[in-house]
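Comments concern the structure below.
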């Protein structure tokens, strides 16, 4: 499939989504190097694996945050169904709908200039049939402006992935621990232990064979992660709690920035304490209101 760009045509070329490599395989110092790319595409993420580069992914659900992350150089933004928890306050990701997610995807897409935007396919929006998967993915592309979709999947859903890819839509295959299946998996449990490792690897291979251009692996043992990364060849793997043997790494931004309090998963590293910053600012504002310090004369209009 030809990936076109009107602003940077020399940085892109022809490559199948599932191939994991560009046709021309440019060298490390070509326009494919991530720090030189003006607009991130699937081929650049694939080339990053070939070149031994790493890329960052954060969840994102609104335009202002998207603009900050985009300007900071974050290569990929995931509008996750985790918006169910982090935006809508639901207990799990299972209840968020396509109609609730599309405005969030559109907000993120409209605010980004460089980052690659991935829309999460929520529970119940693709499991019924390949045709349903295509219909939902098309909505995220047309109404949300997404660049790709993510599907929590196993080998069973290979035909669903294939149908979406054949419709011209890039797919990230999410395997390992899949939150939409938390009840079937017995809760938030590490996947890929012992004999189960082979099943995770087979899922990855089947979904890449179906055309997924990237595999997102969640909460598995390091050995399983390494086996998956090797099994999928040139296709990049994104890790969330799946060790360091990957090309991309993703965290929920509210966890990474310390906006959410409470116990964090072992794989979360916090880079800020926004909860304290927000709380302190809110209290300072309240104090100024009560004391009369705000609004001051400089905050008012004269006749």
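In my numbering, the protein residues as written are 642 to 944.
Glycine is no exception: its CB is placed at the ideal position from the N, C-alpha and C atoms.
Treat the numbers as computed from the prediction; the structure is a model and nothing was measured.
For residue i, collect the residues of the same chain with a Cβ closer than 7 Å to its Cβ; drop the 5 residues on either side in sequence, then sort them by chain order.
i: residue 785; result: 743, 746, 747, 750 and 760
i: residue 802; result: 792, 794, 812, 814, 848, 851, 852 and 853
i: residue 767; result: 773, 774, 777, 792 and 801
i: residue 855; result: 686, 813, 876, 877 and 879
i: residue 782; result: 810
Using the Cα positions of residue i and residue j, report the straight-line distance between them to the nearest angstrom.
i: residue 906; j: residue 678; result: 33 Å
i: residue 689; j: residue 877; result: 8 Å
i: residue 899; j: residue 730; result: 17 Å
i: residue 938; j: residue 920; result: 26 Å
i: residue 764; j: residue 822; result: 9 Å
i: residue 846; j: residue 874; result: 9 Å
i: residue 858; j: residue 797; result: 17 Å
i: residue 816; j: residue 926; result: 45 Å
i: residue 936; j: residue 787; result: 42 Å
i: residue 724; j: residue 943; result: 44 Å
i: residue 693; j: residue 860; result: 22 Å
i: residue 940; j: residue 799; result: 59 Å
i: residue 790; j: residue 930; result: 46 Å
i: residue 918; j: residue 826; result: 37 Å
i: residue 752; j: residue 695; result: 23 Å
i: residue 933; j: residue 922; result: 16 Å
i: residue 928; j: residue 709; result: 29 Å
i: residue 832; j: residue 838; result: 8 Å
i: residue 834; j: residue 840; result: 10 Å
i: residue 914; j: residue 740; result: 32 Å
i: residue 683; j: residue 904; result: 34 Å
Using the DSSP secondary-structure output, state which residues sit across from residue i in a beta bridge.
i: residue 791; result: 761 and 813
i: residue 861; result: 832
i: residue 717; result: 698 and 757
i: residue 856; result: 814 and 878
Return the chain-ordered list of same chain residues with a C-beta closer than 6 Å to the C-beta of residue i, the five sequence neighbours on each side being excluded.
i: residue 863; result: 884
i: residue 911; result: 899
i: residue 819; result: 793
i: residue 901; result: 895
i: residue 735; result: 764
i: residue 908; result: 882
i: residue 667; result: Because the pLDDT of residue 667 is 42, which lies under 50, any placement of that residue in the model is unreliable, and the number read from its coordinates should be weighed accordingly. If we look at residue 667 and ignore the five residues flanking it on each side, its Cβ neighbours are 673.
i: residue 770; result: none
i: residue 779; result: none
i: residue 893; result: 700 and 723
i: residue 824; result: none
i: residue 844; result: 795, 796 and 816
With DSSP as the reference, label residue i as helix, strand or coil.
i: residue 697; result: strand
i: residue 733; result: coil
i: residue 889; result: strand
i: residue 749; result: helix
i: residue 738; result: coil
i: residue 934; result: coil
i: residue 914; result: coil
i: residue 944; result: coil
i: residue 897; result: helix
i: residue 725; result: helix
i: residue 808; result: coil
i: residue 907; result: coil
i: residue 926; result: helix
i: residue 838; result: helix
Check the C-beta distance from residue i over to residue j and give it rounded, since I have them as a contact under 8 Å.
i: residue 756; j: residue 700; result: Residue 756 to residue 700, Cβ: 12 Å. No contact.
i: residue 703; j: residue 754; result: Going by Cβ atoms, the distance from residue 703 to residue 754 rounds to 16 Å, so no, they are not a contact pair.
i: residue 891; j: residue 869; result: The Cβ separation is near 15 Å, so there is no contact.
i: residue 758; j: residue 720; result: 7 Å
i: residue 733; j: residue 726; result: 7 Å
i: residue 697; j: residue 681; result: In fact, because the Cβ distance is near 11 Å, the residues do not count as touching under 8 Å.
Apart from the five residues on each side of it in sequence, which residues of its chain come closer than 8 Å, Cβ to Cβ, to residue i?
i: residue 670; result: For residue 670, the pLDDT reaches just 46, beneath the cut-off of 50, and the residue's location in the model is therefore unreliable, leaving the point undetermined.
i: residue 867; result: 884 and 886
Hey, is residue i's beta-carbon within less than 9 Å of any beta-carbon in chain B?
i: residue 732; result: No chain B appears in this structure, which consists of one protein chain only.
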